[in-house]
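Visitor: Mind having a look at this structure? Questions to follow.
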């Protein structure tokens, strides 16, 4: 699951330090905006801090394994979930990143019963409109130009019908959840809380601020109790049925020296990085909660140079151009800052360099012809070399773990890069797994795997002691080597360049540097990890079939009464449940369903009334279809509730008298029948089209009459006995009258 609910279930409490009021000074400090993430591995740390002797034993492998074993620091994976851990650290975020965030800052019901809660994503400005994920589902939000309020979640799974049932395309969409995203910016370190939120909680303290924090306020609308399970059915961190929330966005302004108008000393002029790792590295270097270095300590011309290189493109296996190096990160406050910077460097196979003025810059994985030469004749005093034959290396290739946008920004292994220098092609390959979680592109991950493999698993390795010329190699990735036949040509320096105490000698280790070190040949990228299969599973809820509804007479202590009974076919799945309702003039009655007996029965209903009966399907999890009479193709049954279905006996006599001018008098006598309750009189050309002119109560053994004042003319009447449930007997007539 992309954003699982946390295992802990601590009480909801306002623990998040960013939401505490304070002095203007502390607010300014806390208002620092920024962030980024990656992997603790650099070229400079490849062989450790010593060269001669033991460094050639398991060259570099021990470092990587140790790095993996001690990986206790929070990673970007931790930032993607909604946490309720009481001491959850704050995070700075940079580049394009997927983050969940911290819950428990605020969660309350307002006076109208709406649930409001806050998820803090990170200490960074959001520089674009992000994508939103609720409980791992990418959702669509209203922009306010339709019939909904801006921020309303319009995805079907998070909407109800106006009747409170799960919306599935039929009926009127009724959003339940709404998202308000608050982000700090250069004008406001607090961000602007939505007026709907402050109006819902008028007693909220004035200093309730998210200082420098991007956060989302989520509102869940109040729902009728019997419909609540249709809306509050998610796995959020608070545990009230709310959804978890995550966003994918481009975070924080960064100092891009290539952009006209940028003032490197004024953060408000900075721009979105779009994931360029050279810009991200410089941003983290200057961030107050990063390395906290001054802008003057950086060689910005070099940053611009490498940013341009990182923006160049290569073709992936599909033939599409992708940037050379891109990334995005989220760093927790309790993660050592040198590890954070190392993650950024790892995503571009880079290392930190310094110019002759001591200014910092980044050099990435990109082949440049070495210009510095070391020869055995003039520069090399001591040498230790090692050649590894096929099958002797402890590793046969590299797999880089990266964050895959195609898998909802989860950690995935790239296609294995196989080291043909070592793998024998027969045995099971033994791969070195390296997490580089600032990387978000499969082609980039495989290129990094290739670079690591050719460095860590080089067939030839050497450690040299040299003259003072080693000082010139300190900021060089590659050198030209002229040692012997085997060790000649471009080589990569894979350890720090060390000087002795006198400053006259140096030492370092090298491996061959291939021209195509960071370039993949045709077919070398391999298949990216397979996406989660989209199974063709029918998730529609079947509608009840074979429904028959009847009025069922019952005897009570008060006499004959009536209830409604529905019968239906067995559902195809045993975890389906059918509900039935009977509606009379807007009033609803619900039938009790017995899925074992395949019937549903109402309580006592009003005798003689016509009820409209409809039905819906409900799952065990509370998901439900709309009522059958509310669908686009409505289906229902109208049934007359009849307590006594036995018609009364025929009238003993029925006649009409037209002797009085302007009047017709119909007289009748009822039979001695306990079913006799009333008499209905009709007038018309035929009985089928006749109009009811009288419906009076006349019990058994009753003689009575009814006089109708009417204009002169010829008329035909019928008299019909009726029982207490409105069931008519046989009509008496036609009775003809000529009124004068």
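Numbering (the working numbering), first residue to last: 11 to 750.
Cβ atoms here follow ideal geometry from the backbone N, Cα and C, with glycine treated the same way.
With three or more beta-carbon pairs closer than 8 Å as the criterion, would you say the segment 373-384 touches the segment 519-536?
Guide: Using a Cβ-Cβ distance cut-off of 8 Å, the segment 373-384 and the segment 519-536 are in contact, since at least three pairs of beta carbons, one from each stretch, lie closer than that value.
Visitor: Is any beta-carbon of chain B found at less than 8 Å from that of residue 381?
Guide: Any reference to chain B falls outside this structure, which holds one protein chain only.
Visitor: Name the residue from 222, 167 and 104 whose alpha carbon lies nearest to the alpha carbon of residue 178.
Guide: 167
Visitor: CB residue 671 to CB residue 725, shorter than 8 Å?
Guide: No.
Visitor: Throw me the rounded Cβ distance for the residue 280 and residue 267 pair, which I believe falls under 8 Å.
Guide: In fact, because the Cβ distance is near 10 Å, the residues do not count as touching under 8 Å.
Visitor: Please confirm if the segment 617-632 is in contact with the segment 733-745, defined as three or more CB-CB distances below 8 Å between the two stretches.
Guide: yes
Visitor: Using 8 Å as the threshold, is the segment 180-195 in touch with the segment 219-237, meaning 3 or more CB pairs across them?
Guide: yes
Visitor: For residue 354 versus residue 455, is the C-beta spacing smaller than 8 Å?
Guide: no
Visitor: What's the call for residue 128, buried or exposed, on a 16-neighbour Cβ count within 10 Å?
Guide: buried
Visitor: Reducing DSSP to helix, strand and coil, say where residue 358 ends up.
Guide: coil
Visitor: Do residue 164 and residue 151 count as a contact pair if the criterion is CB distance below 8 Å?
Guide: In this structure, residue 164 lies closer than 8 Å to residue 151 by Cβ.
Visitor: Specify the secondary structure class of residue 432 as computed by DSSP and reduced to three states.
Guide: Three-state DSSP puts residue 432 in coil, outside helix and strand.
Visitor: Taking 8 Å as the threshold, find out whether the segment 287-307 comes into contact with the segment 341-358 through three or more Cβ pairs.
Guide: yes
Visitor: Terminal residues of the continuous beta strand (DSSP E) containing residue 575?
Guide: 569-577
Visitor: Have a look at 487, 463 and 452 and flag the residue whose alpha-carbon is nearest the alpha-carbon of residue 541.
Guide: 452
Visitor: With a floor of 3 residues, list each beta strand (DSSP E) that falls wholly inside the segment 336-389, ordered by position along the chain.
Guide: Listed in chain order, the complete beta strand (DSSP E) runs (minimum 3 residues) inside the segment 336-389 are 338-342, 361-364, 370-373 and 383-385.
Visitor: Pick from 363, 697, 457 and 160: whose alpha carbon is nearest that of residue 205?
Guide: Of the candidates 363, 697, 457 and 160, the one whose C-alpha sits nearest the C-alpha of residue 205 is 160.
Visitor: Per the contact definition of three or more C-beta pairs closer than 8 Å, is the segment 487-497 in contact with the segment 389-397?
Guide: By the C-beta criterion, the segment 389-397 is judged to be in contact with the segment 487-497, since at least 3 inter-stretch pairs fall below 8 Å.
Visitor: Indicate whether residue 440 and residue 411 have their beta-carbon atoms separated by less than 8 Å.
Guide: Result no, Cβ atoms of residue 440 and residue 411 do not sit closer than 8 Å.
Visitor: Cβ of residue 554 versus every heavy atom of the ligand ADP: is any distance shorter than 7 Å?
Guide: Absence of the ligand ADP from the depicted structure is noted, as is the absence of any ligand whatsoever, leaving it without description.
Visitor: Residue 514: buried (16+ other C-beta within 10 angstroms of its C-beta) or exposed?
Guide: When all chains shown are included, residue 514 counts as exposed.
Visitor: Taking Cβ positions, are residue 130 and residue 220 nearer each other than 8 Å?
Guide: yes
Visitor: Residue 5 to residue 630, Cα distance in whole Å?
Guide: Residue coverage of the chain in this structure runs from 11 to 750, which leaves residue 5 outside it and unanswerable.
Visitor: Since I believe residue 483 is in contact with residue 518 (beta carbons under 8 Å), could you give me their beta-carbon distance rounded to a whole number of angstroms?
Guide: For residue 518 against residue 483, the beta-carbon gap comes to about 7 Å, under 8 Å, which counts as contact.
Visitor: Do three or more CB pairs link the segment 99-114 to the segment 380-393 at distances below 8 Å?
Guide: no
Visitor: Less than 8 Å between the beta carbons of residue 509 and residue 481, yes or no?
Guide: yes
Visitor: Which residues bound the beta strand (DSSP E) around residue 292?
Guide: Taken as a continuous stretch (DSSP letters only), residue 292 belongs to no beta strand (DSSP E), being part of the alpha helix (DSSP H) at 287-296.
Visitor: So, is residue 564 buried or exposed, given that buried needs 16 or more other C-beta atoms within 10 angstroms?
Guide: exposed
Visitor: Which residues bound the alpha helix (DSSP H) around residue 457?
Guide: 452-466
Visitor: What residue range is occupied by the uninterrupted alpha helix (DSSP H) comprising residue 312?
Guide: Run containing residue 312: 310-321, per the alpha helix (DSSP H) assignment.
Visitor: I'd like the span of the alpha helix (DSSP H) that includes residue 213, first residue to last.
Guide: That residue, residue 213, is in no alpha helix (DSSP H); it is neither H nor E in DSSP.
Visitor: Under three-state DSSP, which class holds residue 147?
Guide: strand
Visitor: With distances taken between CB atoms, is the gap from residue 625 to residue 572 smaller than 8 Å?
Guide: With contacts defined by Cβ atoms closer than 8 Å, residue 625 and residue 572 do not form a contacting pair.
Visitor: Are residue 537 and residue 425 closer than 8 Å when you measure CB to CB?
Guide: yes
Visitor: Which same chain residues, not among the five before or five after residue 713, have their C-beta less than 6 Å away from its C-beta?
Guide: The residues are 679.
Visitor: Residue 407: which of 459, 169 and 334 sits nearest, CA to CA?
Guide: For residue 407, the closest C-alpha among the options 459, 169 and 334 is that of 459.
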